Amino acid sequence: MTDLVRLEVEDGIGTIRLDRAPMNALNAEIQHGLIAACREAAQRKDVAAVIVWGGEKVFAAGADIKEMETMSYTDMVDHSALLQDFTRSLAQLPKPTVAAITGYALGGGCEVALACDFRIAADDAVLGQPEVSLGIIPGAGGTQRLARLVGPSRAKDLVFSGRFVKAPEALAIGLVDSVVPASEVYESARSMMARYVGGPAYALRAAKEAIDRGLEVDLDSGLEIERMLFSALFATKDRAIGMRHFVEKGRGPAPFE
Ligand code: CAA
């Protein structure tokens with residue numbers, strides 16, 4: 002793993018820390034690092050949920066424009082697969098994820114946030130997809146995930162204009178889920194993810210998969226995905242523990258494994 006992306010684990014929560022001063026511009030090394038960090042977070046039993054955090058000043062100001070500036074079409078045919086893979090690895094991480102956004106989350110940075118399950122923003126955060134101003138379009142999933150999150154016309158407004166969106170507007174259009182004082186972003190994300198520590202990991206994983214895969218298909222296919230995953234959970238110890246806990250009138254959360 003690269004030093005530019007670290008997985009730091011504490012009390013059951015993994016923090017994927019982007020660390021490339023000054024703006025966390027996402028070069029190929031950080032993209033590969035994020036894929037590796039997601040793989041490790043997915044595999045580790047002591048990680049129940051994941052925060053993506055760029056530090057106190059900035060989330061990420063996008064893909065590294067200096068790295069891309071001299072790339073040709075054929076260079077980008079290969080590189081564009083990596084651009085999508087690193088956000089896909091986050092979107093498909095089988096545990097709850099939240100982006101803790103301070104400062105700028107632009108371009109690929111906004112796309113990293115879009116690939117998380119939830120987004121908590123600082124009151125001074127600025128989000129956006131400014132790629133058109135560079136003569137390109139979002140390439141790390143933004144055209145797809147932004148439209149799914151905020152709807153096609155809002156996504157078109159943001160992508161066509163490339164304008165910067167401040168935290169209050171981001172909250173109003175559903176681009177972020179909550180806005181908190183800048184100094185509280187990371188702790189808010191920790192509180193949110195702490196709910197899942199000691200939780201029913203397989204049920205959470207199945208719920209995420211059913212919702213995300215179901216959004217990509219027609220209703221009947223989505224219901225079939227739900228049915229298969231629902232049935233599969235009857236093979237888990239957590240299901241047995243959760244139902245036994247209820248039947249025996251246990252108090253508080255069930256003692257999941
Ligand atoms: N790539 C490479 N370097 C970047 C960068 C980026 N995305 N964003 C900022 N930097 C660099 C700047 O070049 C500058 O470097 P130097 O000190 O060597 O000159 C340094 O970070 C600080 O940036 P600024 O001086 O510009 O700081 P600012 O406070 O005046 O502005 C900003 C901050 C508004 C974020 C501005 O830097 C900016 O607009 N950055 C680019 C945002 C952008 O267009 N992102 C999309 C990238 S393309 C993409 O992401 C494609 C995709 O979908 C995958």
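Heads up: the sequence shown begins at 2 in our numbering, then just goes up one per residue.
A virtual CB, placed ideally from N, CA and C, is assigned to each residue, including glycine.
Quick caveat: nothing in here was measured; it's all calculated off a predicted structure.
Residue range of the alpha helix (DSSP H) that includes residue i
| i | result |
| --- | --- |
| Ser-73 | Note, Ser-73: premise wrong, no alpha helix (DSSP H); not H, not E. |
| Phe-231 | 220 to 233 |
| Gly-13 | First-last for Gly-13: undefined, no H or E at that position. |
| Ala-106 | No alpha helix (DSSP H) contains Ala-106, which is instead part of the beta strand (DSSP E) from 105 to 107. |
| Arg-40 | 29 to 44 |
| Ala-241 | 238 to 248 |
Beta-carbon contacts of residue i that lie in its chain and below 6 Å, excluding the five residues immediately before and after
| i | result |
| --- | --- |
| Gly-13 | Ala-49, Val-198 |
| Val-151 | Ile-174, Gly-175, Leu-176 |
| Ser-179 | Ile-121 |
| Thr-16 | Glu-9, Ile-52, Trp-54 |
| Phe-87 | Gln-32, Leu-35, Ile-36 |
| Gly-143 | Glu-112, Gln-130 |
| Val-304 | Residue 304 lies beyond the stretch modelled for the chain, which goes from 2 to 258, so this question has no answer here. |
| Glu-227 | Ala-211 |
| Ala-255 | Ile-242, Gly-243, His-246 |
| Glu-258 | Lys-238 |
| Leu-230 | Ala-207, Ala-211 |
| Arg-214 | Ile-226 |
| Leu-84 | Gly-140, Ala-141 |
| Ala-156 | Leu-147, Ala-148 |
Extent of the continuous beta strand (DSSP E) to which residue i belongs
| i | result |
| --- | --- |
| Ala-123 | 119 to 123 |
| Leu-128 | 127 to 129 |
Neighbourhood of residue i by C-beta, 7 Å cutoff - its chain only, sequence neighbours within 5 removed
| i | result |
| --- | --- |
| Pro-153 | none |
| Arg-245 | none |
| Arg-134 | It should be noted that the sequence gives Ser, not Arg, for residue 134. The residues are Gly-163. |
| Leu-234 | Tyr-203, Ala-204, Ala-207, Arg-240 |
| Leu-94 | Cys-39, Ala-42, Ala-43, Val-51 |
Bridge-paired residues (DSSP) for residue i
| i | result |
| --- | --- |
| Ile-52 | Thr-16, Val-99 |
| Ala-64 | Leu-27 |
| Leu-8 | Ile-17 |
Cβ neighbours of residue i in the same chain (closer than 8 Å, five flanking residues each side left out)
| i | result |
| --- | --- |
| Ser-90 | Leu-35, Ile-36, Cys-39, Arg-40 |
| Pro-182 | Ala-123, Asp-124 |
| Val-127 | Gly-104, Tyr-105, Ala-106, Leu-107, Phe-165, Val-166, Lys-167, Ala-168 |
| Asn-25 | Leu-19, Ile-31, Gly-55, Gly-56, Val-59, Phe-60, Ala-61, Ala-62, Gly-110 |
| Met-72 | His-80 |
| 3-residue-minimum beta strand (DSSP E) runs that sit fully inside the region 136 to 218, ordered along the chain | 179 to 181
| query | Would you say the region 95 to 106 touches the region 48 to 66, given that touching needs at least three Cβ pairs under 8 Å? | reply | yes
| For the region 72 to 81 against the region 107 to 122, are there 3 or more C-beta pairs whose distance is under 8 Å? | no
| field | Cβ contact (3+ pairs, closer than 8 Å) linking the region 55 to 75 and the region 198 to 213 | value | no
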